[in-house]
Ligand SMILES: [Zn+2]
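In our numbering, the protein residues as written are 875 to 1514.
Okay, here's the thing in structure tokens:
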């Protein structure tokens, strides 16, 4: 995903891991047959020693960059001995994710039951992803594990039970028979669920390997000539949602080929895109080493506008397998799910991923060159002219404060800012890319940095190689000598009103940001039923007249408008988005008069006058004559 000071991983491990993992694996059985009713049942059989111990529920979820483990939706958490005698747990009074218990003498196995209430609406994996015909299982929601252990050392044998007729996709390896199953069934002592069983994995790999299951399920192999293997697993609310065209399947196959040429390595045994196509679930993407959990509206794969709007999602989450999973900021490379994360390098983890996701979407043909440029124009305009919050919160702080900013948004978001390191990261990394190309006369590019930094060690199994700010600078310097520390800090620590990346981009990318009176293609995709007048009047409004946000310092702000006000009339006539748009357009005329709005603020009415003369304004990129077209160079496919 898509949502801090550096401590070495070795130090973290040494200071916090005091209990060695148990020898036999935990058996974890998850029953998804009630998932359509928003309940997921789990049973854990855990080998233990008699005496006091602490069990913990995962709190810091990888890729969510914060303490988002949904413990509030845990229910029916009951621990017994194998013979059914209850073992009373006591919650820690400070750490809500810790349960203290005493294992009675002679007891060497706990039977733990819990339910997860898969209620929709919450953010990220905390939000239930279930409907009548599909379910996404995030294992972290249905387990506890011994405190102060390393997730790489705790072994788990997982299994699932799904409703009759459902199929599933996952990066876990299914056990199709043989002694593993027989042994596990014995261990389960009669409460085992039927097939499928999966091979025993570390807790780290388990939580990294969600399962997508559904009645309307389709698996397509991508770029079949390539090993390791890649699969597009789709589950929809209806059969029509998974009817992805061959043309788009071919584009995703190109994505696999382009990543091979870019990253010069793969760090997984096989890769599964787990795509949920549903209007009943929260929408986001969450990266893993060997899969991604991609939750999108139900029409995304079958409606061309929606396909374009979500076009960077799969390239973005796939990129994370290299940038975020394999190479990870030291502050995010924690040994278990209770150790707090530090997000100070998220402008690399997410910012570079955002940039590469966009570039790959264009290289594999999901986006045309003009769609890529229109999106870039919109980002440039937003961060140059509509995010005054940079004057108090620099880009660095949007990363350092990530764990409190993922839930942000809404009124005055332009002044607070939120996780701006995603989209402003696009500008930062594009400027770095264009700078390398300029300094080397086009002989080198960011591709060379990527091949060395993310291709380190060639092909490997899933593992984490942490890095620091200094490692990033060293990697860039190895491509082309430059004072990269000053370059980066100047942009990361800037309190300028306008985007510090834009002067460079306007000078060397071959394009500059301009405004015209025609909306660009990307902004028409993003616009709701209302009107986005961010770059003219400085506010956006919904179809019913409710004001979304007002940009501080804009004409709307100075005239006294605020988020939440209701626009009732435009120039004396009942509000419609079309009427407001026409009024803005009229201001471009020589004899135009100010725009007059009648607004309601919590039931009190007043008239607001907007003294504006500029007409409609929408961002575009304009080609700079007689300069290299570096955007075209950047999005040119690497595979001919
Ligand atoms: Zn991301």
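Cβ coordinates follow ideal geometry from the N, Cα and C atoms, glycine included.
In angstroms with no decimal places, state the Cα-to-Cα distance between residue i and residue j.
i: residue 1467; j: residue 1006; result: 55 angstroms
i: residue 954; j: residue 1352; result: 58 angstroms
i: residue 1416; j: residue 1446; result: 19 angstroms
i: residue 899; j: residue 1336; result: 20 angstroms
i: residue 1483; j: residue 1148; result: 51 angstroms
i: residue 979; j: residue 924; result: 5 angstroms
i: residue 1496; j: residue 1400; result: 21 angstroms
i: residue 1250; j: residue 927; result: 53 angstroms
i: residue 1472; j: residue 1487; result: 19 angstroms
i: residue 1354; j: residue 1319; result: 9 angstroms
i: residue 1144; j: residue 1105; result: 8 angstroms
i: residue 1501; j: residue 1378; result: 14 angstroms
i: residue 1394; j: residue 1176; result: 23 angstroms
i: residue 901; j: residue 937; result: 25 angstroms
i: residue 1054; j: residue 1030; result: In this prediction, residue 1054 scores a pLDDT of 44, lower than 50, which makes its location untrustworthy; the coordinate-derived value is nonetheless stated afterwards. Roughly 13 angstroms separates the two Cα atoms.
i: residue 1463; j: residue 1489; result: 8 angstroms
i: residue 1062; j: residue 1260; result: Model confidence at residue 1062 stands at a pLDDT of 45, short of 50, so the residue's coordinates are unreliable and nothing is read from them.
i: residue 965; j: residue 1356; result: 54 angstroms
i: residue 1152; j: residue 1485; result: 44 angstroms
i: residue 957; j: residue 1109; result: 40 angstroms
i: residue 1513; j: residue 1166; result: 24 angstroms
i: residue 1118; j: residue 1140; result: 26 angstroms
i: residue 1026; j: residue 1002; result: 26 angstroms
i: residue 1424; j: residue 1089; result: 44 angstroms
i: residue 948; j: residue 929; result: 14 angstroms
i: residue 1521; j: residue 1233; result: Only positions 875 to 1514 of the chain appear in this structure, which leaves residue 1521 out of reach.
Identify the residues that DSSP records as bridge partners of residue i: which are they?
i: residue 1385; result: 1497
i: residue 1048; result: 1072
i: residue 1475; result: 1478
i: residue 905; result: 915, 1035
i: residue 972; result: 930
i: residue 1177; result: BP columns for residue 1177 are empty, so no partner.
i: residue 863; result: The structure shown does not extend to residue 863, since the chain is modelled only from 875 to 1514, so the question has no answer here.
i: residue 987; result: 917, 952
i: residue 1421; result: 1415
i: residue 1470; result: 1483
i: residue 1004; result: 1009
i: residue 1197; result: 1201
i: residue 977; result: 925
i: residue 1296; result: DSSP lists no partner for residue 1296.
i: residue 1390; result: 1492
i: residue 1405; result: 1415
i: residue 1096; result: 1104
i: residue 1165; result: 1146
Rounded to the nearest angstrom, how far is the Cβ of residue i from that of residue j, given a contact under 8 angstroms?
i: residue 1072; j: residue 1047; result: 6 angstroms
i: residue 1211; j: residue 1369; result: Between residue 1369 and residue 1211 the Cβ distance is about 35 angstroms, and since that is not below 8 angstroms, they are no contact.
i: residue 1191; j: residue 1213; result: With a Cβ gap of about 24 angstroms, residue 1191 and residue 1213 do not count as contacting.
i: residue 1093; j: residue 1043; result: 6 angstroms
i: residue 931; j: residue 943; result: 6 angstroms
Please identify the residue among the options whose C-alpha is closest to the C-alpha of residue i.
i: residue 1515; options: 1193, 1217, 1317, 1203; result: Look at the range of the chain in this structure, 875 to 1514, and you will see that residue 1515 is not part of it.
i: residue 1383; options: 1287, 965, 1481, 1254; result: 1254
i: residue 1034; options: 1084, 1024, 1019, 1389; result: 1084
i: residue 1477; options: 1438, 948, 1413; result: 1438
i: residue 1096; options: 1120, 1274, 1113; result: 1120
i: residue 1273; options: 1301, 1220, 1267, 1230; result: 1220
i: residue 998; options: 988, 1404, 1011; result: 1011
i: residue 1324; options: 1237, 1135, 983, 1159; result: 1135
i: residue 1077; options: 1098, 920, 1181; result: 920
i: residue 1404; options: 1454, 1372, 1392, 1426; result: 1454
i: residue 962; options: 1115, 935, 985; result: 985
i: residue 1380; options: 1371, 1433, 1258, 1328; result: 1258
i: residue 1130; options: 1240, 1154, 1173, 1179; result: 1240
i: residue 1307; options: 974, 1386, 942, 1230; result: 1230
i: residue 1004; options: 1170, 974, 1499, 1123; result: 1170
i: residue 1291; options: 1266, 1315, 1304, 1322; result: 1266
i: residue 903; options: 915, 911, 1345, 897; result: 915
i: residue 1511; options: 1237, 1009, 1182, 1412; result: 1237
i: residue 1343; options: 1217, 1407, 1451, 1408; result: 1217
i: residue 1474; options: 1359, 1458, 1279, 1435; result: 1435
Under a CB-based cut-off of 8 angstroms, is residue i close to chain B?
i: residue 1472; result: Although the question refers to chain B, the structure presented lacks it and comprises just one protein chain.
Closer than 8 angstroms is the cut-off here; do at least three beta carbon pairs connect the stretch 1212-1226 with the stretch 1291-1301?
yes
Contact between the stretch 1183-1193 and the stretch 1032-1043: three or more CB pairs below 8 angstroms?
no
Answer yes if the stretch 1307-1317 comes into contact with the stretch 1489-1507, meaning at least three C-beta pairs across the two stretches below 8 angstroms, and no otherwise.
yes
Does the contact criterion of 3 or more C-beta pairs under 8 angstroms hold for the stretch 1198-1206 versus the stretch 1337-1348?
yes
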